[in-house]
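Step one of this worksheet: look at the structure below.
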Amino acid sequence: MRRIEKRRAKRWIIMSENEDRVQTLMAMFKRRGVVRPAFELYGGVAGLFDYGPVGGRILRRTQEIWLHHWLRLGNIVEINSPTVTPHQVLEASGHVGAFNDHAVQCRSCEAVERADQLLEGHVKNPDALDATQLDAALSEYSIECPSCSANDWAG
Numbered sequence: 009m010r011r012i013e014k015r016r017a018k019r020w021i022i023m024s025e026n027e028d029r030v031q032t033l034m035a036m037f038k039r040r041g042v043v044r045p046a047f048e049l050y051g052g053v054a055g056l057f058d059y060g061p062v063g064g065r066i067l068r069r070t071q072e073i074w075l076h077h078w079l080r081l082g083n084i085v086e087i088n089s090p091t092v093t094p095h096q097v098l099e100a101s102g103h104v105g106a107f108n109d110h111a112v113q114c115r116s117c118e119a120v121e122r123a124d125q126l127l128e129g130h131v132k133n134p135d136a137l138d139a140t141q142l143d144a145a146l147s148e149y150s151i152e153c154p155s156c157s158a159n160d161w162a163g
């Protein structure tokens with residue numbers, strides 16, 4: 009086996025072991041009432057969780073410790089602002105329409121990556137390139153997927 013293939017195989021085994029650990033940990037968290045995927049009844053939403061009785065206490069205690077740490081330093085005050093931001097605020101701050109990161113998907117493993125981050129170190133200012141230029145640069149520099157090392161991107 010070539011060195012590159014061994015490295016890919018080793019990386020795959022490590023990723024597989026980590027995924028198994030995460031799944032085992034999440035199963036335990038569900039059983040013990042720590043966290044559950046949010047909206048699980050309706051298919052769930054990736055990255056969102058509901059805290060159960062145990063998880064709620066852990067979260068509250070962690071927040072208390074964090075707040076106590078920062079307030080103890082002095083010259084710091086606590087504020088509490090809404091999580092939901094009105095559309096007008098996002099427009100005024102330039103968040104609507106201005107942030108348009110070009111994402112590409114690896115055809116081999118279906119990992120999604122930001123094209124400008126993949127090109128850092130290869131292109132002087134990848135943020136200045138449009139989608140067509142980013143796709144061309146990915147091909148020109150034969151950028152490999154960080155997950156599977158393939159070079160087959162769909163823009």
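Everything in the sequence shown is counted per the numbering used here, starting at 9 for the first residue and increasing by one. Glycine included, C-beta positions come from ideal geometry on N, C-alpha and C.
Would you kindly report the start and end of the unbroken alpha helix (DSSP H) that includes residue i?
i, result
"residue 68", "61-80"
For residue i, write down the residues that DSSP places opposite it in a beta bridge.
i, result
"residue 3", "The chain is shown from 9 up to 163; residue 3 falls before or after that span and cannot be answered."
"residue 162", "113"
Just tell me which of the options has its CA closest to the CA of residue i.
i, options, result
"residue 137", "149, 148 and 123", "123"
"residue 119", "54, 46, 160 and 89", "160"
"residue 110", "85, 75 and 163", "163"
"residue 65", "148, 85, 47 and 42", "42"
"residue 108", "93, 97, 142 and 67", "142"
"residue 157", "36, 85, 87 and 126", "126"
Any C-beta of chain B sitting closer than 8 Å to the C-beta of residue i?
i, result
"residue 63", "Of the protein chains in this structure there is only one, and it is not chain B."
*What beta strand (DSSP E) runs, 3 residues minimum, are completely inside the stretch 83-151?*
111-114 and 120-122
*Do three or more CB pairs link the stretch 75-87 to the stretch 57-64 at distances below 8 Å?*
no
*Please determine if the stretch 130-143 and the stretch 92-103 are in contact, where contact requires at least 3 C-beta pairs separated by less than 8 Å.*
no
_Using 8 Å as the cut-off, can you tell me whether the stretch 110-124 makes contact with the stretch 149-157, which would need three or more C-beta pairs spanning the two stretches below that distance?_
yes
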